[in-house]
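Just below is one structure, and these are the notes that go with it.
There are 2 protein chains.
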Amino acid sequence: MSIPRLLVVDDDPEIRSMLTQFFQQNGFIALPAATEDQVRAHLKSGRIDLILLDVMLGDENGVEICARLRREQDVPIIFVSALSADHQRMAGYEVGADDYIAKPFNPQLLLARVRAVMQRARRTPSLAYRRRIRTFRFGGWVYDGKRDEVHAPDGYQVSLSQRETALLKVLLANPHIPLTRDEIAAALDVTGSGDKPEAQGRAIDVLVGRLRFKIEANPKEPQMLRTARGVGYVFACDVAVEDEA
Amino acid sequence: MSIPRLLVVDDDPEIRSMLTQFFQQNGFIALPAATEDQVRAHLKSGRIDLILLDVMLGDENGVEICARLRREQDVPIIFVSALSADHQRMAGYEVGADDYIAKPFNPQLLLARVRAVMQRARRTPSLAYRRRIRTFRFGGWVYDGKRDEVHAPDGYQVSLSQRETALLKVLLANPHIPLTRDEIAAALDVTGSGDKPEAQGRAIDVLVGRLRFKIEANPKEPQMLRTARGVGYVFACDVAVEDEA
DNA sequence: AGATCAACGTAACATGCTGTAACAAAAGGC
DNA sequence: GCCTTTTGTTACAGCATGTTACGTTGATCT
Chain A
1 MSIPRLLVVD DDPEIRSMLT QFFQQNGFIA LPAATEDQVR AHLKSGRIDL
51 ILLDVMLGDE NGVEICARLR REQDVPIIFV SALSADHQRM AGYEVGADDY
101 IAKPFNPQLL LARVRAVMQR ARRTPSLAYR RRIRTFRFGG WVYDGKRDEV
151 HAPDGYQVSL SQRETALLKV LLANPHIPLT RDEIAAALDV TGSGDKPEAQ
201 GRAIDVLVGR LRFKIEANPK EPQMLRTARG VGYVFACDVA VEDEA
Chain B
1 MSIPRLLVVD DDPEIRSMLT QFFQQNGFIA LPAATEDQVR AHLKSGRIDL
51 ILLDVMLGDE NGVEICARLR REQDVPIIFV SALSADHQRM AGYEVGADDY
101 IAKPFNPQLL LARVRAVMQR ARRTPSLAYR RRIRTFRFGG WVYDGKRDEV
151 HAPDGYQVSL SQRETALLKV LLANPHIPLT RDEIAAALDV TGSGDKPEAQ
201 GRAIDVLVGR LRFKIEANPK EPQMLRTARG VGYVFACDVA VEDEA
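Just so you know, the sequences run in chain order A and B. Here the first sequence stands for residues 1 to 245, numbered as in full-length UniProt numbering. Here the second sequence stands for residues 1 to 245, numbered as in full-length UniProt numbering.
Written out as structure tokens, the structure is:
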């Protein structure tokens, strides 16, 4: 394989050049870009093996851009973000990103991830499916990221709705961390237009209630999906994560 | 693994340099920092394996800083404190600290703890889980840190409210030590926004009363939750502590 | 001992937050 | 288009927590 070419997309010039230089020094050809148009230009003018995409691109939303790019072309994309709050956003829905890395990052880790994704991309025939797939285990339960399904422990028989599953995913991605209703709502709405700063009613409460009813042994005394009074909710359960190829 | 890099955060220059030198002499790369901004700067500019964080950073609250950092990045954090009174603060709520050490410390112990935490961090995939879990036993009672629940001795049947449980945790962390109402309130509110210097009414008294009613055999003559007249309250009961992996 | 006064215990009330049933709206399925 | 399922809204009841008020306790002084 020839020298890998990657596109560094960030609106902060400092970070952009920092990243570009870092990858250049590590044997990549790294091209800087700041806007969606520039990205498209690069994609048209030459081969790009991977895109490093900032989640916050000025007032643009990296997630949206990713979704658009993905529809048009199969480029591996790795998200980069400064805020862990964004992390939930990513956990909430697969947008087609191949991986996700939080700033500030460990350079070695970053390199490793980039290489891993490119490896994977080379093996995978159709890239359309590529995205981070993770399976979570908690209690006797399993969330199967591959099928996006929840499997109950033994005898149980449940089927979660789409939204319930999404909520569960957000919780699983943030175990033991109290999440406010707003944070949860934001994570759930990644799939949407991305502009819903409006105050939402009690939708989250009801959703939580319904999920409890389905996954808690005794919904009246929730063991996993606990409420953090005055704050929001916590998933108080250890979760084992499994990354899949 | 390469040389471990750790960040020493303290506003007292003397302690800062003392610690930095100590760790340098023991084969670490130790970087000093005094403010939250400096911490962030370091995190951005390079790999940091562990943070030693003073509980009192001038008028800032180390606990708050820890909570903020934790939300953004998974760095192991060890708290350092001069006052045992601060201990309550830590017991009040798990903020995500990996360990807690009281000044003045035994250098060997400090080294051991630092190494232990770094070991643990390396094994743990997602650091988001890491937090100190402790189980307390007193009288026939048990506080189960894993579930954050209180179990009554035999036949008894009680369920403590969240706040009552929190109060109990504060007391259990400081057996035989008289705590003022302010200290208790501070410890209870670690979870909150952190800015409540206002004088609080008799809330603590009432809370203590309710807890007594639930856990004392004869609430009128409390054996464990004694009042220290003119001071506050004492938990006059031997407590066995169990650390969990 | 008795008087005095501050500290404490607690019942009763006030407030705010949460759980949830019941209804309404929206999204699919056929 | 009609029916079913999912999702959001609203309203209300229940609970957790804080506040107030008042009676009691205990320390101190004379």
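By construction, the Cβ of each residue, glycine as well, lies at the ideal position given by its N, Cα and C atoms.
Note down, in chain order, all residues in the region 220-237 of chain A with a beta-carbon under 9 Å from any beta-carbon belonging to chain B. Those residues of the region 220-237 of chain A that come within reach of chain B (Cβ to Cβ, closer than 9 Å) are 221, 223, 226, 227, 228, 229, 230, 231, 236.
Would you report the Cα separation of residue 35(B) and residue 57(B), rounded to the nearest angstrom? Numbered from 1 along the second sequence, position 35 holds the residue referred to as residue 35(B). Numbered from 1 along the second sequence, position 57 holds the residue referred to as residue 57(B). The alpha-carbon atoms of residue 35(B) and residue 57(B) are separated by roughly 8 Å.
Taking C-beta to C-beta, are residue 150(B) and residue 28(B) nearer than 9 Å? Taking the second sequence and counting its residues from 1, the one referred to as residue 150(B) is at position 150. Taking the second sequence and counting its residues from 1, the one referred to as residue 28(B) is at position 28. Taking 9 Å as the Cβ cut-off, residue 150(B) and residue 28(B) do not qualify as a contacting pair.
Need the endpoints of the alpha helix (DSSP H) that residue 209(A) sits in, please. Translated into positions along the first sequence, residue 209(A) becomes position 209. Run containing residue 209(A): 203-215, per the alpha helix (DSSP H) assignment.
Using only the alpha-carbon positions, how far apart do residue 167(A) and residue 62(A) sit? Here residue 167(A) corresponds to residue number 167 of the first sequence, with the count starting at 1. Here residue 62(A) corresponds to residue number 62 of the first sequence, with the count starting at 1. For residue 167(A) and residue 62(A), the distance between alpha carbons rounds to 22 Å.
Between the region 211-224 of chain A and the region 11-24 of chain B, are three or more C-beta pairs nearer than 8 Å? In the pairwise beta carbon analysis, the region 211-224 of chain A is classified as not touching the region 11-24 of chain B: fewer than three pairs are separated by under 8 Å.
Assigned exposure category for residue 155(B) - 16 Cβ within 10 Å defines buried: Position 155 of the second sequence holds residue 155(B). So residue 155(B) ends up on the exposed side.
Where residue 162(B) meets chain A, residues with beta-carbon distance less than 7 Å: Stepping through the second sequence from its first residue, residue 162(B) is reached at position 162. Here the neighbours are 229.
Keeping to the same chain, check which residues put their C-beta closer than 7 Å to that of residue 181(B); ignore five residues upstream and five downstream. Here residue 181(B) refers to the residue found at position 181 when the second sequence is read from its first residue. Result list for residue 181(B): 204, 232, in chain order.
Under 8 Å Cβ to Cβ from residue 118(A), same chain only, skipping five residues before and after it: list those, please. Sequence index remark: in the first sequence, residue 118(A) carries index 118 (1-based). Within the same chain, residue 118(A) has close Cβ partners 4, 49, 50, 76.
Span of the alpha helix (DSSP H), counted from its first residue to its last, around residue 20(A): Reading the first sequence from its first residue, position 20 is the one you call residue 20(A). Looking at the DSSP string, the run of the alpha helix (DSSP H) that includes residue 20(A) is 13-25.
Using the C-alpha atoms, what's the distance from residue 178(A) back to residue 223(A)? Taking the first residue of the first sequence as position 1, residue 223(A) is located at position 223. Taking the first residue of the first sequence as position 1, residue 178(A) is located at position 178. So the two alpha carbons sit approximately 14 Å from each other.
Relative to the alpha-carbon of residue 147(B), which residue among 153(B), 141(B), 135(B) has its alpha-carbon at the smallest distance? Position 147 of the second sequence, counting from 1, holds the residue named residue 147(B). Minimum Cα distance to residue 147(B) is reached at 135(B).
Of the residues 240(B), 175(B), 219(B), which one's Cα is nearest the Cα of residue 234(B)? Locating residue 234(B) in the second sequence gives position 234, counting from the first residue. The candidate whose alpha carbon is nearest that of residue 234(B) is 175(B).
Mind checking who residue 180(B) pairs with in its DSSP beta bridge? For the purposes of this step, residue 180(B) is taken as the residue at position 180 of the second sequence. Partner residues in the beta bridge of residue 180(B), as assigned by DSSP, are 232(B).
Using the C-alpha atoms, what's the distance from residue 187(A) back to residue 153(B)? Walking along the second sequence from the start, residue 153(B) turns up at place 153. Walking along the first sequence from the start, residue 187(A) turns up at place 187. Roughly 42 Å separates the two Cα atoms.
Where does residue 109(B) fall in DSSP's three states? Numbered from 1 along the second sequence, position 109 holds the residue referred to as residue 109(B). If DSSP states are grouped into helix, strand and coil, residue 109(B) belongs with the helices.
Is the beta carbon of residue 184(A) sitting closer than 9 Å to the one on residue 170(A)? As a working mapping, residue 184(A) is identified with position 184 in the first sequence. As a working mapping, residue 170(A) is identified with position 170 in the first sequence. Yes, the pair counts as a contact, with Cβ atoms nearer than the cut-off.
Rounded to whole angstroms, how far is the Cβ of residue 33(B) from the Cβ of residue 24(B), which I believe are closer than 8 Å? Residue numbering aside, residue 33(B) sits at position 33 when the second sequence is read from its first letter. Residue numbering aside, residue 24(B) sits at position 24 when the second sequence is read from its first letter. By a beta-carbon distance limit of 8 Å, residue 33(B) does not contact residue 24(B). Their separation comes to about 15 Å.
Closest to residue 116(A) by C-alpha separation, out of 202(A), 141(A), 78(A), 237(A), would be which residue? The sequence position of residue 116(A) within the first sequence is 116, counting from 1. By alpha-carbon distance to residue 116(A), the top candidate from 202(A), 141(A), 78(A), 237(A) is 78(A).
Can you give the Cα-Cα distance for residue 47(B) and residue 65(B), rounded to whole angstroms? By 1-based counting over the second sequence, the position of residue 47(B) is 47. By 1-based counting over the second sequence, the position of residue 65(B) is 65. Using only the alpha carbons, I get a separation of about 19 Å.
Measure the CB-CB distance between residue 7(A) and residue 55(A) and report whether it falls below 9 Å. For this step, residue 7(A) is matched to residue 7 along the first sequence. For this step, residue 55(A) is matched to residue 55 along the first sequence. Contact: no.
From what residue to what residue does the beta strand (DSSP E) around residue 173(A) run? Position 173 of the first sequence, counted from the first residue, corresponds to residue 173(A). That residue, residue 173(A), is in no beta strand (DSSP E); its alpha helix (DSSP H) goes 162-173.
Check the Cβ-Cβ distances between residue 91(A) and every residue of chain B, and say whether any is below 9 Å. Position 91 of the first sequence holds residue 91(A). A caution first: residue 91(A) carries a pLDDT of 48, below 50, which makes its placement in the model too unreliable to give a value.
What are the start and end residues of the beta strand (DSSP E) that includes residue 30(B)? Taking the second sequence and counting its residues from 1, one reaches residue 30(B) at position 30. First-last of the beta strand (DSSP E) with residue 30(B): 29-33.
Where the beta strand (DSSP E) containing residue 37(A) begins and where it ends: Taking the first residue of the first sequence as 1, we reach residue 37(A) at position 37. Note, residue 37(A): premise wrong, no beta strand (DSSP E); alpha helix (DSSP H) at 36-45.
Using 10 angstroms around the beta-carbon of residue 221(B), count the other beta-carbons present and answer buried if the total reaches 16, otherwise exposed. Within the second sequence, the letter at position 221 stands for residue 221(B). By the 10 Å Cβ count, residue 221(B) comes out exposed.
Just to confirm, are residue 43(B) and residue 69(B) a CB contact at a threshold of 9 Å? Looking up residue 43(B) in the second sequence gives position 43. Looking up residue 69(B) in the second sequence gives position 69. Taking 9 Å as the cut-off, the Cβ atoms of residue 43(B) and residue 69(B) count as close.
Can you pull the chain A residues whose beta carbon is under 9 Å from the beta carbon of residue 148(B), in chain order? Mapped onto the second sequence, residue 148(B) falls at position 148. Ordered by position in chain A, the residues that pass the 9 Å Cβ test against residue 148(B) are 226, 236.
Using the rule of at least 16 other Cβ atoms within 10 Å of the residue's Cβ for burial, across every protein chain shown, is residue 37(B) buried or exposed? For this step, residue 37(B) is matched to residue 37 along the second sequence. Residue 37(B) should be labelled exposed.
Leaving aside the five residues before and after residue 228(A) along the sequence, list all residues of the same chain whose C-beta is less than 7 Å from its C-beta, in chain order. Here residue 228(A) refers to the residue found at position 228 when the first sequence is read from its first residue. Contacts found: 178, 234.
Spatial distance of residue 45(A) from residue 133(A) (CA atoms): Along the first sequence, read from residue 1 onward, the residue named residue 45(A) stands at position 45. Along the first sequence, read from residue 1 onward, the residue named residue 133(A) stands at position 133. The alpha-carbon atoms of residue 45(A) and residue 133(A) are separated by roughly 31 Å.
Ignore the nearest five residues each way along the sequence and tell me which others in residue 145(A)'s own chain have a CB closer than 7 Å to its CB. Here residue 145(A) corresponds to residue number 145 of the first sequence, with the count starting at 1. Spatial neighbours of residue 145(A) in its own chain (CB-CB distance under 7 Å, excluding positions within 5 residues in sequence) are listed in chain order as 133, 134, 135, 244.
Grab the span of the beta strand (DSSP E) containing residue 144(B) for me, first residue to last. Numbered from its first residue, the second sequence carries residue 144(B) at position 144. Counting along the chain, the beta strand (DSSP E) containing residue 144(B) begins and ends at 141-144.
Just to confirm my understanding: we take residue 26(A), look at its own chain, exclude 5 residues before and 5 after, and list those with CB closer than 7 Å. What are they? Within the first sequence, the letter at position 26 stands for residue 26(A). Same-chain partners within the cutoff: 111.
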